[in-house]
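Sequential numbering of the sequence shown, starting at 180, is according to my numbering.
Reviewing the structure listed below.
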Amino acid sequence: MKPFKFSLQRILDLRAAAERQQASALGDALQHEATQRRTSEARAEQLEQVHEQVEQQTGTHPAAAGLHHAYRLTVDAAEARLEAVEEALREAEGRRAEEDQLFAEARMARRTLEKLRERREADHALETGREEQRDLDELTRRSPKDPDMERTA
Numbered sequence: 180m181k182p183f184k185f186s187l188q189r190i191l192d193l194r195a196a197a198e199r200q201q202a203s204a205l206g207d208a209l210q211h212e213a214t215q216r217r218t219s220e221a222r223a224e225q226l227e228q229v230h231e232q233v234e235q236q237t238g239t240h241p242a243a244a245g246l247h248h249a250y251r252l253t254v255d256a257a258e259a260r261l262e263a264v265e266e267a268l269r270e271a272e273g274r275r276a277e278e279d280q281l282f283a284e285a286r287m288a289r290r291t292l293e294k295l296r297e298r299r300e301a302d303h304a305l306e307t308g309r310e311e312q313r314d315l316d317e318l319t320r321r322s323p324k325d326p327d328m329e330r331t332a
């Protein structure tokens, strides 16, 4: 019998390559998300520091109206920066979730073909075994019943 050859091997190879490519894209998305998360945490910390500084400056004595307005502008700017970074983080999380889903789909597509290949290979091995057994049975059936022949064999 011929050796096993999976007719869909090229497609399986392409799906494996697609899975590797998607894994790389997922890795990039995870890295981008982590960077955005660190940036967001840093901006939140900066905003907290701005609030503390404003509180220290205005908490003990009343500030002039112009100075109070400048403090408020500083806080507003820090809040706007934090909001922009948090929006970028949400987008990065969304992209990561999307890439994760695409990776899961690519993995499932490859695994499906691998399982098909394994089943076909097992069927081929079973059929090869049956064919070999038939050949042996045929040889046994055809061999002469001469006892001397059996001793020399």
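Glycine included, each C-beta is placed from N, C-alpha and C at the ideal position.
Where does Lys184 sit, in a helix, a strand or coil, going by DSSP? coil
Quick one: Cα of Leu281 to Cα of Glu212, how far? 17 Å
Count the other CB atoms within 10 Å of the CB of Gln215; is the residue buried (16 or more) or exposed (fewer)? buried
Option nearest Leu226 by Cα separation, candidates Ala197, Glu311, Ala259 and His248: Ala259
From the DSSP output, in three-state form, read off Ser322 for me. coil
Proximity test, Cβ basis, 7 Å: Gly273 and chain B: Going by chain labels, chain B is absent from the structure shown, which holds only one protein chain.
Do the CB positions of Arg222 and Val264 come within less than 7 Å of each other? yes
Just to confirm my understanding: we take Gln188, look at its own chain, exclude 5 residues before and 5 after, and list those with CB closer than 8 Å. What are they? Arg296
To which residues of the same chain is Leu261 closer than 7 Å at the C-beta, ignoring the five residues directly before and after it? Arg222, Ala223 and Leu226
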